[in-house]
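Data first, discussion second: the structure below is written as structure tokens.
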Ligand SMILES: [Zn+2]
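Numbering (our numbering), first residue to last: 21 to 324.
As structure tokens, this is what we get:
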């Protein structure tokens with residue numbers, strides 16, 4: 021009991037202080053070791069990863085989103101709720117009976133579409149987001165949500181928690197660190213599990229074409245990540261599995277991305293005009309697994 025109480029002082033317990041020292045409830049729990057992917061339904065495949073972690077693959081959605089469920093003995097975290105094409109809560113309920121907090125990796129429509137199915141939703145504690153939250157309800161702007169690109173609704177988000185950069189979330193025998201990593205968007209977040217070790221990156225990086233809102237922010241976030249995560253980290257991204265298995269990237273990919281972003285900023289890597297999602301951008305190679313499209317205000321300062 022003492023150890024449990026001491027632990028609670030330094031670490032957020034997600035409101036579970038009362039139950040943190042009791043035995044875990046019986047029922048559905050994630051296996052601790054990797055298991056072969058299986059179909060939840062015709063639209064979603066579930067892949068069990070190591071350390072009580074599951075990937076939910078949206079195999080019929082054209083963007084091939086992947087959501088991640090991370091479970092401790094007391095609580096679970098879900099990174100992203102998907103585009104909302106199909107109900108997400110029943111998939112999660114098939115995997116765990118623990119209380120779940122959902123954290124969207126960012127506010128784009130393909131990551132927040134299912135948030136309303138969950139009662140506990142956390143966003144990064146950014147002043148701008150807080151200021152625009154009224155009575156616990158946050159409404160993303162059109163350019164934060166981008167649903168108009170595919171005629172998807174721009175839903176409001178009921179926020180129950182605000183997360184700090186570096187905050188450590190105790191799930192019960194498992195600590196997940198929240199990393200705020202601007203670049204793809206201003207308020208993008210990742211999960212870092214130092215024990216696995218694994219980084220769940222959302223859209224910050226995945227195999228394929230990355231959308232860069234700010235090169236400077238990307239460089240700063242990548243500089244932080246290269247110092248913060250170990251070289252044997254496995255990177256689990258939120259998109260682009262052509263097979264029915266989770267796509268992974270490595271520390272080397274982080275380093276290559278840092279190199280490409282830095283070179284684009286200092287003009288030693290020359291971009292080519294490109295269109296992505298119908299929007300003008302500059303395209304840059306990164307490595308064999310990734311390339312990037314630089315969008316928006318960055319364009320004016322770049323060499324072509
Ligand atoms: Zn996305």
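Here a beta-carbon is modelled for each residue, glycine too, at the ideal position from N, C-alpha and C. All figures in this text were calculated on a predicted structure; none of them were measured in a lab.
- One residue after another in chain order, those with a Cβ under 5 Å from a heavy atom of ligand 1 are 130, 223.
- Taking the CA atoms as reference points, residue 110 sits about 11 Å from residue 134.
- When DSSP reads this structure, residue 98 sits in a beta bridge with 89, 122.
- Taken atom to atom, the span from the alpha-carbon of residue 119 to that of residue 292 is near 47 Å.
- Between residue 271 and residue 75 a beta carbon distance of about 20 Å is seen, past the 8 Å cut, so the two are scored as non-contacting.
- A residue is called buried when at least 16 other Cβ atoms come within 10 angstroms of its Cβ; residue 165 meets this threshold and is buried.
- Taken through DSSP and simplified to helix, strand or coil, residue 110 comes out as helix.
- The alpha-carbon of residue 180 is positioned some 27 Å away from that of residue 64.
- One Cα belongs to residue 89, the other to residue 313, and the distance between them is close to 29 Å.
- For a cut-off of 8 Å, the C-beta gap from residue 307 to residue 273 is around 7 Å, short enough to register as a contact.
- DSSP lists 229, 305 as the bridge partner or partners of residue 311.
- Excluding the 5 residues flanking it on each side, residue 246 has same chain C-beta neighbours closer than 7 Å at 274, 275, 278, in chain order.
- DSSP, read as helix, strand or coil, puts residue 67 in strand.
- Secondary structure note for residue 147: its alpha helix (DSSP H) is the uninterrupted segment 147-151.
- Apart from sequence neighbours up to five positions away, the residues of its chain that approach residue 128 with a beta-carbon distance below 6 Å are 166, ordered along the chain.
- In this structure residue 162 is exposed. Its beta-carbon is surrounded by fewer than 16 other beta-carbon atoms within 10 angstroms.
- With respect to the C-alpha of residue 215, the residue from 233, 229, 249 having the closest C-alpha is 249.
- Within the same chain, 178, 179, 180 come within 8 Å of residue 156 by CB-CB distance, once the 5 residues on both sides are set aside.
- Beta-bridge partners assigned by DSSP to residue 158: 153, 177.
- Inter-residue distance for residue 182 and residue 225 is about 24 Å (C-alpha atoms, whole angstroms).
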